[in-house]
Amino acid sequence: MISQTVGATESTCVLKMGYRTNERLPNIARAPDNSGLYLDLYQKAAKKVGCELQVTRLPKNKVVSLLKRGEVDFYPGFNLTKKRSSFAYFIENGLPGGDAGISRDDMEEVTQLEQLKGKVLLRAKGAADITKGITDIYIKEPPEMTSMQAMTFLLQRKGDFYIYNKSTLEYLLKQHPLEGLKLHPDCCGGVLPLYLGFSLKSKWFKGTTNPKYKEDEPISADNYPVLMSVESKAYEFSQVLRRMKVSGETQALYEHYYK
Numbered sequence: 090m091i092s093q094t095v096g097a098t099e100s101t102c103v104l105k106m107g108y109r110t111n112e113r114l115p116n117i118a119r120a121p122d123n124s125g126l127y128l129d130l131y132q133k134a135a136k137k138v139g140c141e142l143q144v145t146r147l148p149k150n151k152v153v154s155l156l157k158r159g160e161v162d163f164y165p166g167f168n169l170t171k172k173r174s175s176f177a178y179f180i181e182n183g184l185p186g187g188d189a190g191i192s193r194d195d196m197e198e199v200t201q202l203e204q205l206k207g208k209v210l211l212r213a214k215g216a217a218d219i220t221k222g223i224t225d226i227y228i229k230e231p232p233e234m235t236s237m238q239a240m241t242f243l244l245q246r247k248g249d250f251y252i253y254n255k256s257t258l259e260y261l262l263k264q265h266p267l268e269g270l271k272l273h274p275d276c277c278g279g280v281l282p283l284y285l286g287f288s289l290k291s292k293w294f295k296g297t298t299n300p301k302y303k304e305d306e307p308i309s310a311d312n313y314p315v316l317m318s319v320e321s322k323a324y325e326f327s328q329v330l331r332r333m334k335v336s337g338e339t340q341a342l343y344e345h346y347y348k
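Just so we're aligned, residue 90 is where the sequence shown starts under the working numbering, counting upward by one.
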């Protein structure tokens, strides 16, 4: 395990952020280097609530296990799913989200996921199954696959399509231009909020059952089984992130890394 504590020296608490060991540039470098947008954003937010930020790097399945037990407080970029709602509360981090697809350049423009029938979709283990319910899409999940590896696999014809955060794909193609690839910006739902996943078992989280939760409806930020207590450090953290977004501080950080 690789851990590093950064932040205010007179903090009254430590917020533990967990992330996988491989990189997701420019958000975070490969372990043990934690530099990037995530470190800057969450270190600033932690300091505003009187906390230090501790970063733990492990393979993703191990980080998620720690998150489930409350030994890691939050995962910095976590897709909202019903399965994950059993152990995490989702807080908007203020960064622009939304997915895009990428393929070899001989594929026609994909504007709906049904067009992927008969194709091999590359997907990172644990990633949201956004093609659920669509038959005849073949899923391949190479272990600890990075987006750069996925693009290489596409060129090697080890897969046909890969879906990931639009900003990240655009950044990677800008930094590492690869001949023979094509971006599909309108395949996957447009601009959406991004979330961090905060452990329900973290000592900094307090919550109650949401009486208005409708189990028969899709899970979302507005239809969630848990309500976060306004008296918890997690709530304070969420409000700081909201204010950073409204003030433009988060957007300035984003543009520093992505533009």
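Beta carbons are placed, not taken as given, at the ideal position from N, Cα and C, and that holds for glycine.
Keep in mind it's a predicted model, so treat the numbers as computed, not measured.
* Asked: Is it the case that the Cβ atoms of residue 101 and residue 147 are separated by a distance below 8 Å?
  -> Sequence index remark: in the sequence shown, residue 101 carries index 12 (1-based). Sequence index remark: in the sequence shown, residue 147 carries index 58 (1-based). For residue 101 and residue 147, no; Cβs fall outside 8 Å.
* **Residue ranges of each alpha helix (DSSP H) within the region 253–296, 4 or longer** => 255–264
* **For residue 146, the first and last residue of its enclosing beta strand (DSSP E)** => Counting from one through the sequence shown, the residue named residue 146 turns up at place 57. Run containing residue 146: 140–146, per the beta strand (DSSP E) assignment.
* **Candidates 119, 152, 220, of which the one nearest residue 236 by Cα** => Against the sequence shown, residue 236 aligns to sequence position 147. Comparing Cα positions, the closest option is 119.
* Asked: Under 8 Å between the Cβ atoms of residue 104 and residue 142?
  -> Residue numbering aside, residue 104 sits at position 15 when the sequence shown is read from its first letter. Residue numbering aside, residue 142 sits at position 53 when the sequence shown is read from its first letter. Going by C-beta atoms, residue 104 is nearer than 8 Å to residue 142.
* What number of angstroms, rounded off, separates the C-alpha of residue 179 from the C-alpha of residue 249? -> Locating residue 179 in the sequence shown gives position 90, where the first residue counts as 1. Locating residue 249 in the sequence shown gives position 160, where the first residue counts as 1. Straight-line Cα distance between these residues: approximately 31 Å.
* To do: Please state whether DSSP places residue 113 in a helix, a strand or coil.
  => On the sequence shown, position 24 is the one that residue 113 refers to. If DSSP states are grouped into helix, strand and coil, residue 113 belongs with the strands.
* To do: Label residue 117 either buried or exposed according to how many other C-beta atoms from any shown protein chain fall within 10 Å of its C-beta, with 16 as the threshold for buried.
  => Counted from its first residue, the sequence shown places residue 117 at position 28. It is buried - the Cβ of residue 117 has at least 16 other Cβ atoms within 10 Å.
* Rounded to a whole number of angstroms, what is the C-alpha to C-alpha distance between residue 301 and residue 315? -> As a position in the sequence shown, residue 301 is number 212, starting the count at 1. As a position in the sequence shown, residue 315 is number 226, starting the count at 1. Spanning the two alpha carbons is a distance of roughly 10 Å.
* Asked: Roughly how many angstroms separate the alpha carbons of residue 217 and residue 279, rounded to a whole number?
  -> Indexing the sequence shown from 1 puts residue 217 at position 128. Indexing the sequence shown from 1 puts residue 279 at position 190. Going from the Cα of residue 217 to the Cα of residue 279 covers about 16 Å.
* To do: Give the DSSP bridge partners of residue 163, in chain order.
  => Here residue 163 refers to the residue found at position 74 when the sequence shown is read from its first residue. According to DSSP, which records beta bridges pairwise, residue 163 is partnered with 106, 287.
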